[in-house]
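Participant: Numbering-wise (the numbering used here), the sequence shown opens with residue 18 and increments by one.
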Amino acid sequence: MLFKRKATRKLYNPEAVPAHVGIIMDGNGRWAKRRGMPRMAGHRAGSNALRDITKACGKMGMTALTVYAFSTENWKRPKEEVNNIMALLLEFLKNAEKEIEGQNVQIRVIGDVSAFSDELQREIVRVEKVTGVNDGLVLNIALNYGGRSEITRAVRILADKAKKGEINPEDITEESISECMYTSDLPDPDLIIRPSGEYRLSNFLIWQSAYSEFWFSDILWPDFTVKDLEKAIGDFQKRNRRFGGVEER
Ligand code: IPE
Ligand code: IPE
Ligand code: MG
Numbered sequence: 018m019l020f021k022r023k024a025t026r027k028l029y030n031p032e033a034v035p036a037h038v039g040i041i042m043d044g045n046g047r048w049a050k051r052r053g054m055p056r057m058a059g060h061r062a063g064s065n066a067l068r069d070i071t072k073a074c075g076k077m078g079m080t081a082l083t084v085y086a087f088s089t090e091n092w093k094r095p096k097e098e099v100n101n102i103m104a105l106l107l108e109f110l111k112n113a114e115k116e117i118e119g120q121n122v123q124i125r126v127i128g129d130v131s132a133f134s135d136e137l138q139r140e141i142v143r144v145e146k147v148t149g150v151n152d153g154l155v156l157n158i159a160l161n162y163g164g165r166s167e168i169t170r171a172v173r174i175l176a177d178k179a180k181k182g183e184i185n186p187e188d189i190t191e192e193s194i195s196e197c198m199y200t201s202d203l204p205d206p207d208l209i210i211r212p213s214g215e216y217r218l219s220n221f222l223i224w225q226s227a228y229s230e231f232w233f234s235d236i237l238w239p240d241f242t243v244k245d246l247e248k249a250i251g252d253f254q255k256r257n258r259r260f261g262g263v264e265e266r
């Protein structure tokens, strides 16, 4: 009896799930290396983990899940790895509707997609359009994404408006800057998860994460399960978010 109760106890409170979770999907290469496999096998396994986690986030009723898949700095990697990742992204997007069938997920890509092949860009537009009719979880896939590049883009948008006389410098506020971010219609991430034992943001959502809670773990991304997600959410729910104020309890 005692065992049964323990086994069914939830790791988190389903009534207070964070609205927006960000995940830095790191550790694919090390996962493969430990198995004596090519790094690409790790990226493939990582995309399977993403499928399971997306499904779970949708079921929990989250508003948004933003996942870091390829950074503005990842172009530094060997050409073969970059090409293989691009091929995997294309495959992922081509199968996207099948993968999320019946889940009401809207897929969006954030980042500077102009650097990608025409085929990949077309696929991004297609998937965003097809899944844009859904009104459930927003899955933001950060591709050629960098927080500094996103802020630079926002500054340019505002400078351009100022140059045209549409705004004055004093109209530039935290809100107007937020409106120029890729995530403008979404709440800031409540929780950012980074597996793989690294303790840094690596240029992920640096504007939006001003008051995010962080959850780090040694688990490598391809091994990350729904149970790990639930544990992260459970830990998050125990935190006291003060936003600079005083403790409420
Ligand atoms: C994250 O895994 C995926 C990308 C950055 C594309 P890594 O490829 O960085 O894996 P590690 O950190 O080398 O293990
Ligand atoms: C961050 O991981 C980027 C993604 C997961 C897409 P990296 O592996 O590129 O980050 P660093 O180099 O360890 O900071
Ligand atoms: Mg890495």
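The beta carbon of each residue, even a glycine, is placed where N, CA and C say it ideally should be.
These figures come from a predicted structure and were not determined experimentally.
Checking 8 Å against the spacing of the C-beta atoms, do V122 and N151 come in under that value?
Facilitator: It is a contact, given that the beta carbons lie within the stated cut-off.
Participant: Measuring alpha carbon to alpha carbon, tell me which residue in P31, D135, R61 is nearest E108.
Facilitator: When only C-alpha atoms are compared, the closest one is R61.
Participant: For E264, which of helix, strand or coil comes out of DSSP?
Facilitator: Coil at E264, not helix or strand.
Participant: Contact between the stretch 99-118 and the stretch 140-157: three or more CB pairs below 8 Å?
Facilitator: Short answer: they touch.
Participant: Alpha carbon to alpha carbon, what distance is there between G164 and N220?
Facilitator: Using only the alpha carbons, I get a separation of about 5 Å.
Participant: From which residue to which residue does the alpha helix (DSSP H) around T169 run?
Facilitator: Residues 164-180.
Participant: Are the CB atoms of L237 and S213 nearer to each other than 8 Å?
Facilitator: Contact flag set, yes.
Participant: Excluding five sequence neighbours on each side, which residues of the same chain lie with their C-beta closer than 6 Å to the C-beta of L137?
Facilitator: Taken in chain order, the residues that qualify are L107.
Participant: Output needed for R52: all residues of its chain with C-beta closer than 8 Å, excluding positions within five of it in sequence on either side, in chain order.
Facilitator: Cβ within range, chain order: A58.
Participant: Checking 8 Å against the spacing of the C-beta atoms, do L222 and T83 come in under that value?
Facilitator: It is a contact, given that the beta carbons lie within the stated cut-off.
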